[in-house]
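J.: Sharing a structure with you now.
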Amino acid sequence: MKKFVKSMVILMTIVNIEVCRGVESDDCENRFPDDFIFGSSTSSYQIEGAWNVDNKGESIWDRMTHSNPSRIADGSNGDIADNSYYLYKTDIDLIKQIGANAYRISISWPRILPNGLIDYINVEGIEYYNNVINEMLSRNVTPFVTIYHWELPQKLQDLGGWENPKIVDWFVDYARVVFNEFGDRVKHWMTLNEPNIFCILGYNGIFAPGLNKSGQGDYACGHNALLAHAKTYRMYQEEFYEKQKGTVGIVVAISWPVPENPDDPEEVAGAEMSKNFWNYWILHPLFSSEGDYPKSMKDRIANYSSIQGFSSSRLPEFTTGQIELVKKSADFLGVNFYSARFEKKLTNYDVKNTVSFYGDIGMISTSKTFPKDRCTPWAMSDAIKTMNEELMIPKMLITENGIYDHGGLNDVNRAEYYYLHLNETLKLLNEGFNIRGYFAWSLLDNFEWSDGYTQKYGIFSIDYTDPERTRTPKFSSEIITEIFKTKIVSDTFLINGKVTPI
Numbered sequence: 447m448k449k450f451v452k453s454m455v456i457l458m459t460i461v462n463i464e465v466c467r468g469v470e471s472d473d474c475e476n477r478f479p480d481d482f483i484f485g486s487s488t489s490s491y492q493i494e495g496a497w498n499v500d501n502k503g504e505s506i507w508d509r510m511t512h513s514n515p516s517r518i519a520d521g522s523n524g525d526i527a528d529n530s531y532y533l534y535k536t537d538i539d540l541i542k543q544i545g546a547n548a549y550r551i552s553i554s555w556p557r558i559l560p561n562g563l564i565d566y567i568n569v570e571g572i573e574y575y576n577n578v579i580n581e582m583l584s585r586n587v588t589p590f591v592t593i594y595h596w597e598l599p600q601k602l603q604d605l606g607g608w609e610n611p612k613i614v615d616w617f618v619d620y621a622r623v624v625f626n627e628f629g630d631r632v633k634h635w636m637t638l639n640e641p642n643i644f645c646i647l648g649y650n651g652i653f654a655p656g657l658n659k660s661g662q663g664d665y666a667c668g669h670n671a672l673l674a675h676a677k678t679y680r681m682y683q684e685e686f687y688e689k690q691k692g693t694v695g696i697v698v699a700i701s702w703p704v705p706e707n708p709d710d711p712e713e714v715a716g717a718e719m720s721k722n723f724w725n726y727w728i729l730h731p732l733f734s735s736e737g738d739y740p741k742s743m744k745d746r747i748a749n750y751s752s753i754q755g756f757s758s759s760r761l762p763e764f765t766t767g768q769i770e771l772v773k774k775s776a777d778f779l780g781v782n783f784y785s786a787r788f789e790k791k792l793t794n795y796d797v798k799n800t801v802s803f804y805g806d807i808g809m810i811s812t813s814k815t816f817p818k819d820r821c822t823p824w825a826m827s828d829a830i831k832t833m834n835e836e837l838m839i840p841k842m843l844i845t846e847n848g849i850y851d852h853g854g855l856n857d858v859n860r861a862e863y864y865y866l867h868l869n870e871t872l873k874l875l876n877e878g879f880n881i882r883g884y885f886a887w888s889l890l891d892n893f894e895w896s897d898g899y900t901q902k903y904g905i906f907s908i909d910y911t912d913p914e915r916t917r918t919p920k921f922s923s924e925i926i927t928e929i930f931k932t933k934i935v936s937d938t939f940l941i942n943g944k945v946t947p948i
């Protein structure tokens, strides 16, 4: 029976492809454009390993996982991870295997600049990424490269890290090295991955650097991150664009809060405020017509800061020149979307004596979950539509989209998740939204930050008991492969309305 179903899938897929070659068929609405980018994403610390090899410097994640492993769910670290430092050719083989035409990776700042600064450029680190990029290009895989995916050199953290305004220039210097070394071949750059997340969670004790400065350190971090991104974007335009002709964007994790009690006006308003704090904190300065932080966010933090006895708002203030610097400083927005979440209002919160990011919002996530185990494609669609109504976003890439489980190769939930989100992406394209690509998170099971190896996001499983870190395809990789190779989201994947192993 399974062989018959699989044969029918292949036959009907071929029929759909032939139909879509005709310009008048309505079935073409089920097909992605020929130039659509299909890929998968990874990040350096999560897969590379080789944490102290070839003169790489220490990162904030190296420091935290080694000095305080209890902060990680299983006490693990990224010392070896997926061993991709040595197995990158295998990973690119997998990218080809699933029919992807692009691979999103990140560069480790301390692997390039072990001290964080340009006083010492590590030639071994440059050689490694040259090898990865050249291997991609030799296999007709387009590299999409994130310059910073949370791997801050520990030596810069010792100087204040993202709270220190000097990091703006430190980052520009680092990016200049990266553009200079790789920009002749890399044409798609992302400066920062999820500044909203690494600032919020890095300064409430969960993610590295693991500091408890919620409501102050997180805002300073986000402020400097926006300036670092903007100055890097302007630097690329002035120094590199004429020769390299690349694009430079930024990646933001889009949070979509839903009030747990939709009949409570305060909770409904709170969910809207939460969107401002989680999303528009970063998006509004970049893509709104007026720039700067959202007014409601500025007013809320200024008011609470005054009640708490601060002489000025805990949210840093942009100068007029900085507002113009940041505004329109991205060629595209990378959207990382996972799922909607329920939130409820904080009760009995002591504004006067408690300073925190969540307290400023007045909302917190609840334990209530959505049906289909965190699969909410409608929320991704709502978020993209709302952002495009309210902001001036030139174009978008869905740079991360995925769901975790706790292991196993028959990952039907993940397969259905990808099917439904790719189907939603195609609907958005047909409605005219300028989405240029989709990257599944993640190619491989990997080190999932504070969750260690307890959460599995990969479409390929990793055997962490095997020194060779054997990669094995999961069922979800079959669904990804069919869609990536045919460019069709076909309902032939569905049996009795469900994505089913074939």
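The numbering of the sequence shown is our numbering, which starts it at 447 and goes up by one. C-beta atoms are modelled at their ideal positions from N, C-alpha and C, and glycine is treated no differently.
1) Helix, strand or coil for residue 929, going by three-state DSSP, please let me know.
2) Identify the residues that DSSP records as bridge partners of residue 890: which are they?
3) Rounded to whole angstroms, what is the Cα-Cα separation between residue 468 and residue 481?
4) When you compare the CB positions of residue 746 and residue 719, do they come within less than 9 Å of one another, or not?
5) On the three-state DSSP scale, how would you describe residue 510?
6) Based on the DSSP output, what are the partners of residue 847 in its beta bridges?
7) Which residue wins for smallest C-alpha separation from residue 799, given the options 751, 611 and 780?
8) Going by DSSP, what residues sit across from residue 790 in a beta bridge?
9) When you compare only the Cα positions, how much space is there between residue 891 and residue 490?
10) Report the three-state DSSP secondary structure of residue 916 (helix, strand or coil).
11) Between residue 489 and chain C, is the shortest Cβ-Cβ distance under 9 Å, so that the two count as touching?
12) Using only the alpha-carbon positions, how far apart do residue 748 and residue 797 sit?
13) Given this structure, state the Cα-to-Cα distance separating residue 949 from residue 895, to the nearest angstrom.
14) Suppose the cutoff is 6 Å on Cβ atoms and the five residues either side in sequence are ignored; what does the same chain contact list for residue 530 look like?
15) Return helix, strand or coil for residue 559, following the three-state DSSP convention.
16) Buried or exposed for residue 775, going by 16 or more other Cβ atoms inside 10 Å?
17) Taking DSSP as the reference, what is the three-state secondary structure of residue 628?
18) Please check the pair residue 867 and residue 880, which I expect to be a contact at CB under 8 Å, by giving their CB distance rounded to whole angstroms.
19) On the CB-based measure, 16 or more other CB atoms within 10 Å of its CB, does residue 907 come out buried or exposed?
20) Below 8 Å on the Cβ atoms is my contact criterion, and I expect residue 668 with residue 601 to pass it. Report the Cβ-Cβ distance as a whole number of Å.
21) Please classify residue 638: does DSSP put it in a helix, a strand, or coil?
22) My parser needs the alpha helix (DSSP H) runs of 4 or more residues fully inside the segment 528–613; what are they?
23) Please determine if the segment 608–617 and the segment 667–682 are in contact, where contact requires at least 3 C-beta pairs separated by less than 8 Å.
24) Could you give the residue range of the beta strand (DSSP E) that holds residue 698?
25) For residue 769, which of helix, strand or coil comes out of DSSP?
26) Just to confirm the assignment, what range does the alpha helix (DSSP H) spanning residue 714 have?
27) Over the uninterrupted beta strand (DSSP E) stretch that includes residue 703, give me the two end residues.
28) To the nearest whole angstrom, what separates the beta carbons of residue 694 and residue 777, a pair I think is in contact under 8 Å?
29) Taking only three categories from DSSP, how would you classify residue 518?
30) Below 9 Å between beta carbons: does that hold for residue 586 and residue 547?
31) Helix, strand or coil for residue 760? Go by DSSP, reduced to three states.
32) For residue 755, tell me which candidate among 801, 900, 781 and 659 has the shortest Cα-Cα distance.
33) Quickly, what does DSSP pair residue 879 with across the bridge? List them, please.
34) Using C-beta distances below 8 Å, list every residue in its chain close to residue 788, excluding the 5 sequence neighbours before and after it, in chain order.
35) Pick out whichever of 639, 931 and 664 has its Cα sitting closest to the Cα of residue 487.
36) Taking 6 Å as the limit between beta carbons, can you name the residues of its chain near residue 829, skipping five residues before and five after?
T.: From the atom records:
1) Translated into positions along the sequence shown, residue 929 becomes position 483. Residue state for residue 929 is assigned as helix, using DSSP reduced to three classes.
2) The residue labelled residue 890 in the question sits at position 444 within the sequence shown. Answer by DSSP bridge pairing, in chain order: 906.
3) Against the sequence shown, residue 468 aligns to sequence position 22. Against the sequence shown, residue 481 aligns to sequence position 35. Because the pLDDT at residue 468 is just 34, under 50, the model does not fix this residue reliably, and the point stays unresolved.
4) Taking the first residue of the sequence shown as 1, we reach residue 746 at position 300. Taking the first residue of the sequence shown as 1, we reach residue 719 at position 273. In this structure, residue 719 lies closer than 9 Å to residue 746 by Cβ.
5) Counting from one through the sequence shown, the residue named residue 510 turns up at place 64. Of the three classes helix, strand and coil, the one that applies to residue 510 here is helix, per DSSP.
6) Here residue 847 refers to the residue found at position 401 when the sequence shown is read from its first residue. Residue pairing for residue 847: DSSP places it in a beta bridge opposite 783.
7) Numbered from its first residue, the sequence shown carries residue 799 at position 353. The option with the nearest alpha carbon to residue 799 is 751.
8) In the sequence shown, counting from the first residue as 1, residue 790 sits at position 344. Residue pairing by DSSP places residue 790 opposite 810 in a beta bridge.
9) As a working note, residue 891 is residue 445 in the sequence shown. As a working note, residue 490 is residue 44 in the sequence shown. When only Cα atoms are considered, residue 891 and residue 490 end up about 13 Å apart.
10) Locating residue 916 in the sequence shown gives position 470, counting from the first residue. Under the three-state reduction of DSSP output, residue 916 falls in the coil class, being neither helix nor strand.
11) The chain inventory of the structure shown lacks chain C, comprising one protein chain alone.
12) Here residue 748 refers to the residue found at position 302 of the sequence shown. Here residue 797 refers to the residue found at position 351 of the sequence shown. Straight through space, the alpha carbons of residue 797 and residue 748 are spaced by roughly 12 Å.
13) Residue 949 lies beyond the residue range present for the chain, which begins at 447 and ends at 948; the question has no answer from this structure.
14) Sequence index remark: in the sequence shown, residue 530 carries index 84 (1-based). Here the set comprises 493, 494 and 537.
15) Taking the first residue of the sequence shown as position 1, residue 559 is located at position 113. DSSP places residue 559 in coil when its eight states are reduced to three.
16) Locating residue 775 in the sequence shown gives position 329, counting from the first residue. Burial call: buried.
17) The residue you call residue 628 lines up with position 182 of the sequence shown. Helix at residue 628.
18) Position 421 of the sequence shown, counting from 1, holds the residue named residue 867. Position 434 of the sequence shown, counting from 1, holds the residue named residue 880. A Cβ-Cβ separation of about 18 Å leaves residue 867 out of contact with residue 880 under the 8 Å criterion.
19) As a working note, residue 907 is residue 461 in the sequence shown. Around the beta carbon of residue 907, 16 or more other beta carbons lie within 10 angstroms, which makes this residue buried.
20) As a first step, residue 668 is located in the sequence shown; it is residue number 222 there, counting from the start. As a first step, residue 601 is located in the sequence shown; it is residue number 155 there, counting from the start. The pair is not a contact, with the Cβ atoms about 22 Å apart (cut-off 8 Å).
21) Locating residue 638 in the sequence shown gives position 192, where the first residue counts as 1. Annotated three-state conformation of residue 638 is strand, per DSSP.
22) As far as the segment 528–613 is concerned, its whole alpha helix (DSSP H) runs of at least 4 residues are 530–543, 555–558, 569–584 and 600–603.
23) Result yes; three or more Cβ-Cβ pairs closer than 8 Å.
24) Taking the first residue of the sequence shown as 1, we reach residue 698 at position 252. Annotation: the continuous beta strand (DSSP E) that includes residue 698 extends over 693–699.
25) In the sequence shown, counting from the first residue as 1, residue 769 sits at position 323. DSSP places residue 769 in helix when its eight states are reduced to three.
26) Working through the sequence shown from its first residue, we reach residue 714 at position 268. Residue 714 -> alpha helix (DSSP H) spans 711–721.
27) Numbered from its first residue, the sequence shown carries residue 703 at position 257. Residue range 702–705 is occupied by the beta strand (DSSP E) that includes residue 703.
28) The sequence position of residue 694 within the sequence shown is 248, counting from 1. The sequence position of residue 777 within the sequence shown is 331, counting from 1. Confirmed, Cβ separation roughly 6 Å.
29) Against the sequence shown, residue 518 aligns to sequence position 72. Of the three classes helix, strand and coil, the one that applies to residue 518 here is coil, per DSSP.
30) Within the sequence shown, numbered from 1, the residue matching residue 586 stands at position 140. Within the sequence shown, numbered from 1, the residue matching residue 547 stands at position 101. For residue 586 and residue 547, yes; Cβs fall inside 9 Å.
31) Here residue 760 refers to the residue found at position 314 when the sequence shown is read from its first residue. Reduced to three states, the DSSP call for residue 760 is coil.
32) Taking the sequence shown and counting its residues from 1, one reaches residue 755 at position 309. The residue among 801, 900, 781 and 659 with its C-alpha nearest the C-alpha of residue 755 is 801.
33) Numbered from its first residue, the sequence shown carries residue 879 at position 433. Paired residues: none, contrary to the question.
34) Along the sequence shown, one-based indexing puts residue 788 at 342. These residues qualify, in order along the chain: 703, 704, 705, 706, 811, 812, 814, 815 and 816.
35) Taking the first residue of the sequence shown as position 1, residue 487 is located at position 41. Ranked by Cα distance from residue 487, the first of 639, 931 and 664 is 639.
36) Working through the sequence shown from its first residue, we reach residue 829 at position 383. So the list reads 700 and 702, once near-sequence residues are dropped.
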